[in-house]
Amino acid sequence: MIKRILITGGAGFIGSHVVRLFVTKYPEYQIINLDALTYAGNLENLKDVEKFNNYFFERVNILDADAIANVFDKHSITDVIHLAAESHVDRSILSPLDFVYTNIIGTVNLLNVAKTKWANNLSNHTFYHVSTDEVYGALGDTGFFTETTSYQPNSPYSASKASSDHFVRAYAETYHLQTKISNCSNNYGPNHFPEKLIPLFINNIIAKKPLPVYGDGKYTRDWLFVKDHSVAIDTVFHKGAINETYNIGGFNEWKNIDLVKLLCKLMDEKLGRQTGESEQLITYVKDRPGHDRRYAIDATKINTELGWKPSVTFEEGLSLTIDWYLQNTEWLQHVTSGSYQNYYNEMYANR
Ligand code: NAD
Ligand code: TYD
Numbered sequence: 015m016i017k018r019i020l021i022t023g024g025a026g027f028i029g030s031h032v033v034r035l036f037v038t039k040y041p042e043y044q045i046i047n048l049d050a051l052t053y054a055g056n057l058e059n060l061k062d063v064e065k066f067n068n069y070f071f072e073r074v075n076i077l078d079a080d081a082i083a084n085v086f087d088k089h090s091i092t093d094v095i096h097l098a099a100e101s102h103v104d105r106s107i108l109s110p111l112d113f114v115y116t117n118i119i120g121t122v123n124l125l126n127v128a129k130t131k132w133a134n135n136l137s138n139h140t141f142y143h144v145s146t147d148e149v150y151g152a153l154g155d156t157g158f159f160t161e162t163t164s165y166q167p168n169s170p171y172s173a174s175k176a177s178s179d180h181f182v183r184a185y186a187e188t189y190h191l192q193t194k195i196s197n198c199s200n201n202y203g204p205n206h207f208p209e210k211l212i213p214l215f216i217n218n219i220i221a222k223k224p225l226p227v228y229g230d231g232k233y234t235r236d237w238l239f240v241k242d243h244s245v246a247i248d249t250v251f252h253k254g255a256i257n258e259t260y261n262i263g264g265f266n267e268w269k270n271i272d273l274v275k276l277l278c279k280l281m282d283e284k285l286g287r288q289t290g291e292s293e294q295l296i297t298y299v300k301d302r303p304g305h306d307r308r309y310a311i312d313a314t315k316i317n318t319e320l321g322w323k324p325s326v327t328f329e330e331g332l333s334l335t336i337d338w339y340l341q342n343t344e345w346l347q348h349v350t351s352g353s354y355q356n357y358y359n360e361m362y363a364n365r
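In the working numbering, the protein residues as written are 15 to 365.
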């Protein structure tokens, strides 16, 4: 059976890399990118993919169950890789209900449509849910999150993602939907919206604006290059066992302040600035409420069972990322000015 895969959130940061990988690597598949184009959705991320005839775009909000069902019918969807979400912790603190709607209700809408449309042959179809390590809560100075760590989400974002994970599990148990879940650590790379730490700080360093480090700066995150996450998603989708969970990470922990100093150093070199110039932009600001102290993924299961490992070191990935932002000033300018949101109208008005 030819795969016709619905990838939700494909205009976002990670989704756009996953769409590109699948469209180019699997010309025999049809890839349907379903995205509402919220502030985080940017079709300019996929300019190079639009010309492929196995790529389709559907502007649909996952809160609209009828519209999802129409897309399933129109494209005879065989599988789902679900990435659409509200994804920024700070926004979730300001507006938790947006996260309840998209991340929980939107996911349940997708599950319901998949269950109904695939009812006659459930075993031929997979619903793959892309989630985060933040569902596990916060670690102290030692230890790692494994697939059996209990869920203890601390932010409205992670609580909504945890809830969506539980619904996916429940649909596997109750309705025998074939599911997969992966929980990944923090991603970085090209096309990252400049509200998250790394792209925001790259943008601010270019503009010589303050770098707002929350609290004491000793919060720790485990960073993975977005293209390595995309390959991991491909691996789990094709080789992962049904109804299993896989943690994805690169054993790459950094305290925020150390990461920011490395970023400043690399950018000073690339911008031809004096050593130490960008570090002077570091400004300690009020902490994020409920700020998780440390995340660290134990990726042994995906390493050993599926043979996936990251392809780049952090220094390589960060250098590639900075180069991308320095070479794609138009993308950055469109995103910071908001004009990227016109792209859909310009591109799709006559389609
Ligand atoms: P993102 O915010 O960059 O993109 C989200 C995409 O979803 C956007 O294109 C947006 O338009 C779309 N979207 C949002 N609400 C929608 C709705 N109601 N209907 C349809 N589309 C909607 O997010 P990202 O960083 O690319 O994350 C993608 C997924 O990966 C999310 O599920 C996130 O929880 C998960 N994840 C992210 C990270 C990370 O570090 N960014 C790490 C682990 C897991
Ligand atoms: P972020 O990129 O928002 O990802 P997450 O909160 O999902 O891990 O933040 C990464 C870390 O950087 C987190 O500890 C919060 C911190 N941070 C700052 O110190 N300053 C900032 O301006 C931002 C956006 C984040």
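We put the beta carbon where it would ideally sit given N, CA and C, even for glycine.
Predicted model, so just to flag it, every value in this text is computed and none were measured.
The C-alpha of Q44 is placed about 6 Å away from the C-alpha of K17. Of the candidates K323, N201, G157 and S169, S169 places its Cα closest to the Cα of F113. Under the three-state reduction of DSSP output, D248 falls in the helix class. Per DSSP, S164 has no beta bridge partner at all.
Its Cα nearest to that of E64, the residue A25 stands out among A83, L295, D78 and A25.
Put simply, of L276, K315, C278 and I216 the residue whose alpha carbon is nearest the alpha carbon of I262 is K315. Taking the Cα of H96 as reference, the smallest distance to any Cα among G29, F158, S137 and S292 is reached at G29.
With at least 16 other beta carbons inside 10 angstroms of its own, G23 counts as buried. Taking a C-beta distance under 8 Å as the contact criterion, Y339 and L346 qualify as a contact pair. About 5 Å separates the Cβ atoms of Y171 and V103, confirming a contact at the 8 Å cut-off.
Taking a cut-off of 8 Å on C-beta distances, the stretch 201-209 does not touch the stretch 136-146, as fewer than three cross pairs fall below it. For I82, the CB contacts under 7 Å within the same chain, skipping 5 residues up- and downstream, are V74, I76, N123, L124 and V127 in chain order.
Counting only runs of 4+ residues, the alpha helix (DSSP H) found wholly inside the stretch 106-133 occupies 110-113 and 121-131, in chain order. Here DSSP, grouped into helix, strand and coil, assigns W237 to strand. Exposed is the label assigned to V299, since fewer than 16 other Cβ atoms lie within 10 Å of its Cβ. Contact annotation, I118 with S196: C-beta distance approximately 18 Å; criterion of less than 8 Å not satisfied.
From the listed residues I107, S109, I256 and A246, the smallest Cα separation to S137 is found for I256.
Counting along the chain, the unbroken alpha helix (DSSP H) around I82 starts and ends at A79 to H89. A distance below 6 Å between beta-carbons, with the five flanking residues on each side excluded, links I91 to the following residues of its chain, in chain order: R18 and L20.
Going by C-alpha positions, D80 is about 21 Å away from N135. Taking C-beta atoms under 8 Å as the contact rule, A310 and F159 qualify, at a distance of about 7 Å. Per DSSP, W268 is one residue of the beta strand (DSSP E) stretching across E267 to K269. If you look at F36, you'll find it in the alpha helix (DSSP H) that goes F27 to K39. If you look at R73, you'll find it in the beta strand (DSSP E) that goes Y69 to R73. Counted as a single uninterrupted DSSP element, the stretch harbouring D312 is not any alpha helix (DSSP H), since DSSP gives it neither H nor E. DSSP lists no bridge partner for P213.
In the pairwise beta carbon analysis, the stretch 266-275 is classified as touching the stretch 217-234: at least three pairs are separated by under 8 Å.
The alpha-carbon of L108 is positioned some 14 Å away from that of D301. Counting of Cβ neighbours within 10 angstroms places G286 among the exposed residues, the total staying below 16.
Taking a C-beta distance under 8 Å as the contact criterion, V326 and D248 do not qualify as a contact pair. Around Y358, the same chain offers L51, L57 and R73 as residues with beta carbons nearer than 8 Å, after the five sequence neighbours per side are excluded. Collapsing the DSSP output to three states places S145 in a strand. T116 and S174 have their C-alpha atoms some 9 Å from each other.
In this structure, L334 has its beta carbon at no less than 7 Å from each heavy atom of the ligand NAD.
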